[in-house]
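Read through the structure below, which is laid out as C-alpha coordinates, and then see the notes.
Written out as C-alpha coordinates, the structure is:
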(Lines of atoms letter the chains of each structure in order from A and count residues from 1; the text may use other names and numbers.)
(Lines give C-alpha, C1' and ligand atoms only; values in the text may rest on other atoms or scores of the structure.)
Protein backbone atom coordinates (compact mmCIF):
# COMPACT_ATOMS: atom_id res chain seq x y z
CA UNK A 1 0.00 0.00 0.00
CA UNK A 2 2.79 2.40 0.84
CA UNK A 3 4.56 1.59 -2.44
CA UNK A 4 1.41 2.28 -4.44
CA UNK A 5 0.94 5.57 -2.58
CA UNK A 6 4.52 6.68 -3.26
CA UNK A 7 4.41 5.70 -6.93
CA UNK A 8 1.10 7.51 -7.38
CA UNK A 9 2.14 10.76 -5.71
CA UNK A 10 5.86 11.09 -6.57
CA UNK A 11 8.00 10.68 -9.69
CA UNK A 12 10.84 8.22 -9.63
CA UNK A 13 13.53 7.62 -12.27
CA UNK A 14 14.84 4.06 -12.64
CA UNK A 15 18.59 4.06 -13.39
CA UNK A 16 21.08 1.17 -13.19
CA UNK A 17 24.77 1.72 -12.80
CA UNK A 18 27.67 -0.73 -12.85
CA UNK A 19 31.42 -0.84 -13.28
CA UNK A 20 32.19 -4.55 -13.61
CA UNK A 21 29.04 -5.82 -15.32
CA UNK A 22 28.01 -5.20 -18.88
CA UNK A 23 24.77 -3.66 -20.08
CA UNK A 24 23.27 -6.99 -21.12
CA UNK A 25 23.58 -8.29 -17.56
CA UNK A 26 20.81 -5.96 -16.38
CA UNK A 27 18.66 -6.92 -19.34
CA UNK A 28 18.90 -10.63 -18.49
CA UNK A 29 18.39 -10.02 -14.76
CA UNK A 30 15.35 -7.77 -15.31
CA UNK A 31 13.68 -10.18 -17.72
CA UNK A 32 14.38 -13.23 -15.55
CA UNK A 33 12.88 -11.55 -12.45
CA UNK A 34 9.87 -10.40 -14.47
CA UNK A 35 9.05 -13.80 -15.98
CA UNK A 36 6.75 -14.97 -13.14
CA UNK A 37 5.06 -11.57 -12.70
CA UNK A 38 4.39 -11.55 -16.45
CA UNK A 39 2.33 -14.73 -16.02
CA UNK A 40 -0.01 -12.78 -13.71
CA UNK A 41 -0.34 -9.83 -16.10
CA UNK A 42 2.56 -7.59 -15.07
CA UNK A 43 4.28 -6.66 -18.39
CA UNK A 44 8.05 -6.65 -18.79
CA UNK A 45 9.87 -3.48 -19.75
CA UNK A 46 11.08 -3.54 -23.33
CA UNK A 47 14.75 -4.33 -23.97
CA UNK A 48 15.46 -0.83 -25.27
CA UNK A 49 13.90 0.67 -22.11
CA UNK A 50 16.11 -1.53 -19.94
CA UNK A 51 19.23 -0.52 -21.90
CA UNK A 52 18.22 3.15 -21.84
CA UNK A 53 17.77 3.13 -18.03
CA UNK A 54 21.52 3.34 -17.70
CA UNK A 55 21.36 6.89 -19.02
CA UNK A 56 19.53 9.33 -16.72
CA UNK A 57 18.92 11.81 -19.54
CA UNK A 58 16.93 9.32 -21.60
CA UNK A 59 14.34 8.54 -18.84
CA UNK A 60 10.85 9.04 -20.31
CA UNK A 61 7.26 8.84 -19.03
CA UNK A 62 6.60 5.46 -20.69
CA UNK A 63 9.80 4.06 -19.19
CA UNK A 64 8.86 5.17 -15.69
CA UNK A 65 5.46 3.51 -15.98
CA UNK A 66 6.98 0.29 -17.33
CA UNK A 67 9.49 0.12 -14.48
CA UNK A 68 6.78 0.89 -11.87
CA UNK A 69 4.58 -1.98 -13.08
CA UNK A 70 7.59 -4.33 -13.15
CA UNK A 71 8.51 -3.32 -9.57
CA UNK A 72 4.95 -3.94 -8.33
CA UNK A 73 4.89 -7.36 -10.02
CA UNK A 74 8.21 -8.34 -8.42
CA UNK A 75 6.93 -7.23 -5.00
CA UNK A 76 3.70 -9.23 -5.34
CA UNK A 77 5.34 -12.43 -6.64
CA UNK A 78 8.44 -12.54 -4.45
CA UNK A 79 7.26 -10.63 -1.38
CA UNK A 80 3.50 -10.92 -0.79
CA UNK A 81 2.59 -14.21 -2.44
CA UNK A 82 5.21 -16.37 -0.60
CA UNK A 83 4.18 -14.92 2.74
CA UNK A 84 0.52 -15.61 1.98
CA UNK A 85 1.25 -19.20 0.93
CA UNK A 86 3.43 -19.82 4.01
CA UNK A 87 0.77 -18.35 6.33
CA UNK A 88 -1.90 -20.60 4.77
CA UNK A 89 0.39 -23.62 5.11
CA UNK A 90 1.11 -22.84 8.79
CA UNK A 91 -2.60 -22.39 9.51
CA UNK A 92 -3.39 -25.73 7.83
CA UNK A 93 -0.62 -27.48 9.77
CA UNK A 94 -1.85 -25.97 13.03
CA UNK A 95 -5.45 -27.11 12.42
CA UNK A 96 -4.34 -30.60 11.44
CA UNK A 97 -1.89 -31.13 14.30
CA UNK A 98 -3.93 -29.48 17.05
CA UNK A 99 -6.70 -32.01 16.40
CA UNK A 100 -4.22 -34.80 17.13
CA UNK A 101 -2.72 -33.11 20.17
CA UNK A 102 -2.98 -35.29 23.27
CA UNK A 103 -1.23 -35.49 26.63
CA UNK A 104 1.06 -38.42 27.26
CA UNK A 105 -0.29 -39.45 30.66
CA UNK A 106 2.45 -42.06 30.97
CA UNK A 107 4.97 -39.31 31.69
CA UNK A 108 6.00 -39.10 35.37
CA UNK A 109 4.80 -35.52 35.72
CA UNK A 110 1.19 -36.53 35.09
CA UNK A 111 1.21 -39.54 37.41
CA UNK A 112 0.18 -37.61 40.51
CA UNK A 113 -2.55 -35.72 38.65
CA UNK A 114 -4.08 -38.57 36.68
CA UNK A 115 -6.65 -39.61 39.27
CA UNK A 116 -7.62 -36.01 39.93
CA UNK A 117 -7.97 -35.00 36.28
CA UNK A 118 -9.28 -38.29 34.88
CA UNK A 119 -10.54 -40.43 37.76
CA UNK A 120 -10.99 -44.09 36.96
CA UNK A 121 -14.31 -44.11 38.81
CA UNK A 122 -16.82 -41.56 40.02
CA UNK A 123 -18.89 -41.89 43.13
CA UNK A 124 -22.60 -41.24 42.76
CA UNK A 125 -25.20 -40.66 45.44
CA UNK A 126 -24.72 -38.97 48.78
CA UNK A 127 -21.41 -37.15 48.96
CA UNK A 128 -21.69 -36.04 52.58
CA UNK A 129 -23.54 -38.47 54.80
CA UNK A 130 -25.64 -37.00 57.56
CA UNK A 131 -24.38 -37.60 61.11
CA UNK A 132 -26.30 -39.80 63.49
CA UNK A 133 -27.40 -36.76 65.52
CA UNK A 134 -27.20 -33.00 65.24
CA UNK A 135 -25.50 -30.89 67.92
CA UNK A 136 -27.76 -30.33 70.92
CA UNK A 137 -27.08 -27.05 72.67
CA UNK A 138 -27.79 -26.55 76.32
CA UNK A 139 -30.04 -23.51 76.00
CA UNK A 140 -28.97 -20.86 78.48
CA UNK A 141 -26.30 -23.03 80.09
CA UNK A 142 -23.35 -21.19 78.57
CA UNK A 143 -24.61 -17.69 79.39
CA UNK A 144 -23.65 -16.23 82.75
CA UNK A 145 -24.86 -12.64 82.26
CA UNK A 146 -27.70 -11.70 79.94
CA UNK A 147 -29.98 -8.79 79.29
CA UNK A 148 -32.48 -7.59 76.70
CA UNK A 149 -34.38 -9.41 73.97
CA UNK A 150 -33.40 -10.01 70.34
CA UNK A 151 -35.44 -11.07 67.31
CA UNK A 152 -33.59 -12.48 64.28
CA UNK A 153 -34.77 -14.14 61.08
CA UNK A 154 -32.98 -16.67 58.89
CA UNK A 155 -33.24 -16.49 55.07
CA UNK A 156 -36.68 -14.92 54.68
CA UNK A 157 -38.02 -14.13 51.23
CA UNK A 158 -38.57 -10.50 50.36
CA UNK A 159 -42.32 -11.14 49.98
CA UNK A 160 -42.60 -11.89 53.70
CA UNK A 161 -43.46 -8.76 55.74
CA UNK A 162 -40.59 -8.33 58.16
CA UNK A 163 -40.00 -7.24 60.84
CA UNK A 164 -43.34 -7.12 62.69
CA UNK A 165 -44.10 -4.17 64.99
CA UNK A 166 -41.79 -4.69 67.96
CA UNK A 167 -41.99 -3.47 71.55
CA UNK A 168 -39.34 -0.98 72.59
CA UNK A 169 -37.49 -3.55 74.68
CA UNK A 170 -36.94 -5.88 71.69
CA UNK A 171 -34.01 -5.44 69.30
CA UNK A 172 -34.38 -6.38 65.64
CA UNK A 173 -31.22 -8.17 64.43
CA UNK A 174 -32.43 -8.29 60.83
CA UNK A 175 -32.44 -11.18 58.35
CA UNK A 176 -29.39 -13.41 58.09
CA UNK A 177 -28.60 -14.27 54.46
CA UNK A 178 -24.82 -14.31 54.09
CA UNK A 179 -22.01 -15.95 56.04
CA UNK A 180 -20.60 -12.57 57.03
CA UNK A 181 -23.92 -11.50 58.52
CA UNK A 182 -24.14 -14.70 60.53
CA UNK A 183 -20.60 -14.42 61.88
CA UNK A 184 -21.05 -10.75 62.77
CA UNK A 185 -24.28 -11.43 64.70
CA UNK A 186 -22.74 -14.40 66.54
CA UNK A 187 -19.83 -12.20 67.60
CA UNK A 188 -22.17 -9.49 68.84
CA UNK A 189 -24.35 -11.92 70.78
CA UNK A 190 -21.29 -13.54 72.31
CA UNK A 191 -20.12 -10.16 73.62
CA UNK A 192 -23.62 -9.03 74.70
CA UNK A 193 -25.73 -12.16 75.30
CA UNK A 194 -29.47 -11.49 75.39
CA UNK A 195 -31.82 -12.76 78.05
CA UNK A 196 -34.35 -13.88 75.43
CA UNK A 197 -33.79 -14.73 71.78
CA UNK A 198 -36.35 -15.64 69.12
CA UNK A 199 -35.09 -17.16 65.86
CA UNK A 200 -37.68 -16.83 63.09
CA UNK A 201 -37.58 -19.43 60.31
CA UNK A 202 -39.56 -19.88 57.12
CA UNK A 203 -41.12 -23.38 57.30
CA UNK A 204 -41.52 -23.38 53.52
CA UNK A 205 -37.80 -24.10 53.32
CA UNK A 206 -36.30 -27.46 54.20
CA UNK A 207 -34.58 -27.73 57.62
CA UNK A 208 -31.10 -28.52 56.28
CA UNK A 209 -28.10 -29.21 58.50
CA UNK A 210 -26.56 -25.80 57.91
CA UNK A 211 -29.67 -23.98 59.12
CA UNK A 212 -30.02 -26.23 62.16
CA UNK A 213 -26.35 -25.74 63.06
CA UNK A 214 -26.81 -21.95 62.85
CA UNK A 215 -29.91 -22.14 65.07
CA UNK A 216 -27.92 -24.18 67.59
CA UNK A 217 -25.08 -21.62 67.61
CA UNK A 218 -27.50 -18.72 68.05
CA UNK A 219 -29.35 -20.51 70.87
CA UNK A 220 -26.12 -21.01 72.81
CA UNK A 221 -25.61 -17.26 73.10
CA UNK A 222 -28.89 -16.56 74.93
CA UNK A 223 -30.17 -17.37 78.40
CA UNK A 224 -33.46 -18.49 76.81
CA UNK A 225 -34.17 -19.11 73.16
CA UNK A 226 -37.17 -20.09 71.07
CA UNK A 227 -37.66 -20.83 67.41
CA UNK A 228 -40.56 -19.19 65.62
CA UNK A 229 -41.97 -21.14 62.67
CA UNK A 230 -43.66 -18.36 60.79
CA UNK A 231 -47.24 -18.84 59.61
CA UNK A 232 -48.11 -19.11 55.95
CA UNK A 233 -48.70 -16.01 53.88
CA UNK A 234 -52.31 -15.14 52.96
CA UNK A 235 -53.53 -17.49 50.28
CA UNK A 236 -50.79 -20.08 50.92
CA UNK A 237 -50.68 -23.32 52.87
CA UNK A 238 -47.64 -24.86 54.52
CA UNK A 239 -46.49 -28.28 53.44
CA UNK A 240 -47.42 -30.73 56.23
CA UNK A 241 -44.41 -33.00 55.70
CA UNK A 242 -41.95 -30.10 55.70
CA UNK A 243 -43.54 -28.64 58.83
CA UNK A 244 -43.26 -32.04 60.53
CA UNK A 245 -39.58 -32.18 59.53
CA UNK A 246 -39.02 -28.80 61.20
CA UNK A 247 -40.72 -29.97 64.38
CA UNK A 248 -38.70 -33.16 64.53
CA UNK A 249 -35.42 -31.32 63.88
CA UNK A 250 -36.14 -28.77 66.62
CA UNK A 251 -37.12 -31.49 69.05
CA UNK A 252 -33.80 -33.18 68.34
CA UNK A 253 -32.11 -29.90 69.24
CA UNK A 254 -34.23 -29.72 72.39
CA UNK A 255 -35.28 -26.21 71.50
CA UNK A 256 -38.81 -24.91 72.22
CA UNK A 257 -40.68 -23.58 69.23
CA UNK A 258 -43.91 -21.82 68.43
CA UNK A 259 -45.73 -21.27 65.17
CA UNK A 260 -46.17 -17.54 65.71
CA UNK A 261 -43.86 -14.66 66.63
CA UNK A 262 -43.84 -14.63 70.48
CA UNK A 263 -43.60 -10.87 70.95
CA UNK A 264 -45.12 -10.97 74.44
CA UNK A 265 -42.55 -13.49 75.58
CA UNK A 266 -39.76 -11.42 74.07
CA UNK A 267 -40.93 -8.27 75.82
CA UNK A 268 -41.91 -9.69 79.21
CA UNK A 269 -40.62 -13.26 79.38
CA UNK A 270 -44.16 -14.64 79.87
CA UNK A 271 -46.39 -16.72 77.62
CA UNK A 272 -43.96 -18.03 75.02
CA UNK A 273 -42.58 -21.09 76.80
CA UNK A 274 -46.07 -22.30 77.81
CA UNK A 275 -47.26 -22.05 74.22
CA UNK A 276 -44.17 -23.89 73.05
CA UNK A 277 -44.65 -26.72 75.50
CA UNK A 278 -48.31 -27.07 74.55
CA UNK A 279 -47.30 -27.27 70.87
CA UNK A 280 -44.79 -29.98 71.68
CA UNK A 281 -47.42 -31.97 73.52
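Numbering (the numbering used here), first residue to last: 19 to 299. We treat Cβ as the ideally placed atom computed from N, Cα and C, and that holds for glycine. This one's a predicted model, so the numbers in the text were calculated from it and none came from an experiment.
Inter-residue spacing [alpha-carbon to alpha-carbon] between residue i and residue j
| i | j | result |
| --- | --- | --- |
| residue 203 | residue 211 | 11 Å |
| residue 42 | residue 67 | 12 Å |
| residue 30 | residue 52 | 19 Å |
| residue 284 | residue 207 | 16 Å |
| residue 268 | residue 258 | 15 Å |
| residue 28 | residue 48 | 23 Å |
| residue 197 | residue 227 | 15 Å |
| residue 300 | residue 132 | Because the chain spans 19 through 299 in this model, residue 300 falls outside it and cannot be assessed. |
| residue 282 | residue 190 | 15 Å |
| residue 106 | residue 130 | 40 Å |
| residue 137 | residue 126 | 17 Å |
| residue 92 | residue 69 | 19 Å |
Selected residue, minimal CA-CA separation from residue i, among the options
| i | options | result |
| --- | --- | --- |
| residue 266 | 225, 121, 169 | 225 |
| residue 179 | 168, 218, 60, 94 | 218 |
| residue 237 | 261, 209, 187, 273 | 273 |
| residue 255 | 221, 283, 215 | 221 |
| residue 252 | 92, 197, 182, 177 | 177 |
| residue 96 | 55, 235, 124, 190 | 55 |
| residue 25 | 61, 38, 82, 71 | 82 |
| residue 231 | 260, 209, 63, 201 | 201 |
| residue 59 | 94, 34, 39, 79 | 94 |
| residue 239 | 209, 262, 250, 287 | 209 |
| residue 215 | 199, 280, 174 | 280 |
Per-residue DSSP class, three states only, for residue i
| i | result |
| --- | --- |
| residue 238 | helix |
| residue 189 | strand |
| residue 217 | strand |
| residue 194 | strand |
| residue 87 | helix |
| residue 246 | strand |
| residue 275 | strand |
Status (buried if at least 16 other CB within 10 Å, exposed otherwise) for residue i
| i | result |
| --- | --- |
| residue 157 | Bear in mind that the predicted position of residue 157 carries a pLDDT of just 45, short of 50, making it unreliable; the figure below should be weighed with that in mind. The residue in question, residue 157, is buried, as its Cβ has 16 or more Cβ neighbours within 10 Å. |
| residue 109 | exposed |
| residue 229 | buried |
| residue 242 | buried |
| residue 170 | buried |
| residue 98 | exposed |
| residue 128 | exposed |
| residue 245 | buried |
**Request:** Could I get the ranges of all uninterrupted alpha helix (DSSP H) runs contained in the stretch 36–116, with 4 residues as the minimum, in chain order?
**Result:** 41–51, 53–57, 65–70, 79–93
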